[in-house]
Amino acid sequence: MTLSCATAAEPPLAQLDESERLFTRAYGHFLQRDYWNAIDYLDRALKANTYLVDYYLLKGLAMNRGGDYGSAQSALAYYREVRPLDPSAARIFAWFTEQQRTLQALLGRTSLTARWQVAYPDLQNTLDSGLLRPFSIKGMGKVRALGDALTLSDTLGDQVYFRSTAGESFRSFGVSSPAVVLPRGDEVFHIFSTSGDVFSFADLAPASPVSLDLKGTIQATVSDACWVCQDEFVVADPVDRTLKFYFAEDLSAPLGTWAPSAQPMLFEPVGLAPYGEWLAIADRGNEMVHFLSLVNRRDFFSLPVSAPRDVAWSSLGELFIVSEKGQILRSAIDFERREVKELSVLSSDFENAWTLFASPKGLMFCLDISGSRLCKATMLPDNDINFGFLSLANPSVALDKNKESFLLEATLSTPFIAYLNKTFPVVYAAWNNRTISSLAMRPKAPAKSDIFVFHRPTREGTVHPSLKSASVETGRDVRIVFPPVWTLHNKTLTHTIIDSTVLLTEEDLNILTRFCLANGLELDIWARDLPPIELLRASALTGGRTLFSLTNVPDLTPPSNRLQIQVPLPEELSSSGYPGRSMMAVFLDVGLMQTRDWLPLWPDLLTP
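Each position in the sequence shown, counted from 1, maps to that position plus 160 in my numbering.
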């Protein structure tokens, strides 16, 4: 009997040169923030050499930059199985996990509490209005801000003051008894007079005369008003003692009204502030602040506050309240349980305090009734909210006095923008088991914003035709469309605007937020409908804002989150041929905030 021998299956021969060439191409694309081309070349490199372990490390880094935390962790887990002693991979794995936990906590509906530093700065310097006082107020109405746009209503002086961008001079014109002027976010403003007249005007050409368009008259005595979404606003009527909701294109009759039930005193609404699905209402008559659900316009809960005058939300969802006694209060709201978790006094003696307005840069302002004194609160990092997302890219080798240095482009995304701009970062790097003192510099911000809009189908003219945009229905569609968009525009893109009616799952929002944070993009919201709390907080983490119209091109200032990091290169050090052994870690301390990032560096592949 003859025995037959089965030939053992042999592994495929590795195409080492081809694999190395493809891997090098992937590395170059990754350094240029071209993640999807990087992943494509990585997959081809692995096909040419199935033993290419470093594939998993670089793919993990690329997937994380692309916002896909789950795939990044899976790739890093494979890498750690093969190279369990690589300390860089373990640290990167732990840092990605910590970032994800922090992000999930911040994107929820539970209460958030930041630290706030209060100061009483010079009005002209703070508002960049020059040596002269920018306005003379006889009797202040409301002050409202949206991004860099700022409006003031002099109710008794029959004047409106406004500017569209920071650093621009304030302009003024006459309107009878203006109560509040609301920016829409696209250079268009709506004026509400105390008698109910509603005007609009556009500031599309600098220094051009203002032309008022009377939209109609509502049956209300207006003390305040605010946008609920693109097509709807609400006004506070202290005479009729109700809130009145109106469709923006039909002012003939309110869509509905609301007043709190079972209150001991008469309802007197004097201040309104929306935050997604919730509306804060200052009720001076009952000495309460009410929180009304805008979803059903029925459910509400309340906070006792003595003589409230105005209310405003911080970007992360803390409510600020100013009282007629000169107190400025801050409250932490748990939207999940519908209760106030904390109430603290930030200032107790700001005389004649009158109106509040916020900035997406992590600032809250209070102006007195004469418009001559200002109180400023700056949001600071805290143990609970200590968030900064550092991302390194585009390394090069520079020669300075015969000494080589790495120059790294970096973005630092954080909601503490004002604090970051006033605090100089301290940087050090770790490479090849050496700690290297480094230097951070602030390059000039991009000259102009580059915007991309994701929106659900809409009629022609709703989105300005010059805006780059894509029509989508769900977050999955966004994830399909974004890679080619980013590949084409990653060198210029500064803002992503998401339509609030796009259906986003928790995973969709997580990926979109991580992507914007990892690439220094500002995530802004187009409020076609009530934006959810989670989306508002995601936007806040990137320094974003909520817009109520895209009929014109929004005037969005490019983010000030760019850094350049210089790392002196010791002469005796050189890189190895493996990403894991040439991994540079950069640690950034900005006062109370610490963050870090990793980048594999091979100097011989970088061009001086």
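Just so you know, even glycine gets a beta-carbon here, dropped at the ideal spot from N, CA and C.
For a cut-off of 8 Å, the C-beta gap from residue 201 to residue 217 is around 15 Å, too long to register as a contact.
Beta-bridge analysis with DSSP links residue 373 to 360.
Contact check between the region 292-300 and the region 561-573: fewer than three CB pairs, one atom from each, fall below 8 Å, which does not count as touching. Residue 749 has 586 and 754 as its beta-bridge partners, per DSSP. With a beta-carbon spacing of about 6 Å, residue 311 and residue 349 fall inside the 8 Å limit used to define contacts. Within the model, the alpha-carbon separation for residue 691 versus residue 757 is close to 32 Å. Contact annotation, residue 574 with residue 549: C-beta distance approximately 7 Å; criterion of less than 8 Å satisfied. Your pair residue 668 and residue 639 checks out as a contact, with CB atoms roughly 7 Å apart and the cut at 8 Å. In the structure shown, residue 353 falls within a strand segment according to DSSP collapsed to helix, strand and coil.
For residue 483, there is no enclosing alpha helix (DSSP H); the residue is found in the beta strand (DSSP E) stretching over 478-483.
Measuring C-alpha to C-alpha distances from residue 604 to each of 612, 721 and 688 identifies 721 as the nearest. When rounded, the separation of the alpha-carbon atoms in residue 620 and residue 614 is 15 Å. Taking a contact as a CB-CB distance under 8 Å, the pair residue 540 and residue 277 counts as one, their CB atoms being some 6 Å apart. In the structure shown, residue 196 falls within a helical segment according to DSSP collapsed to helix, strand and coil.
For residue 250, the uninterrupted alpha helix (DSSP H) segment begins and ends at 247-266. Counting C-beta pairs closer than 8 Å gives fewer than three between the region 367-378 and the region 419-429, which falls short of the contact rule. With a minimum length of 3 residues, the unbroken runs of beta strand (DSSP E) contained wholly in the region 544-571 fall at 549-560.
Annotation for residue 326: no beta strand (DSSP E) segment contains it, and DSSP assigns it neither H nor E. The Cβ atoms of residue 452 and residue 429 lie no closer than 8 Å to each other. Residue 644 sits in a helix when the DSSP states are folded into three classes. The residues 470, 472, 480, 482 and 526, in chain order, have a CB closer than 6 Å to that of residue 516 in the same chain once the five nearest residues on each side in sequence are set aside. The beta carbon of residue 253 is closer than 6 Å to those of 236 in its chain, skipping five residues each way along the sequence.
Look at residue 577 here: in three-state DSSP terms it is helix.
Excluding its 5 nearest sequence neighbours in each direction, residue 307 has C-beta neighbours in its own chain below 6 Å: 705, listed in chain order. With contacts defined by Cβ atoms closer than 8 Å, residue 694 and residue 267 form a contacting pair. For residue 507 and residue 658, the gap between their C-alpha atoms comes out near 36 Å. Comparing C-alpha distances from residue 381 to each of 529, 682 and 340 shows the shortest one belongs to 340.
The continuous stretches of alpha helix (DSSP H) do not include residue 392, which lies in the beta strand (DSSP E) extending over residues 392-397. Membership of residue 516 in the beta strand (DSSP E) is indicated by the continuous run 513-519. Bounds of the beta strand (DSSP E) holding residue 601 are 594-601. Taking a cut-off of 8 Å for Cβ pairs, the region 543-559 and the region 485-505 do not touch, as fewer than three such pairs fall below it. For residue 495, there is no enclosing beta strand (DSSP E), since its DSSP letter is neither H nor E.
Spanning the alpha carbons of residue 180 and residue 194 requires a straight line of approximately 19 Å. Where residue 225 is concerned, the enclosing alpha helix (DSSP H) starts and stops at 214-225. Membership of residue 467 in any beta strand (DSSP E) is not indicated, and neither H nor E is assigned to it by DSSP.
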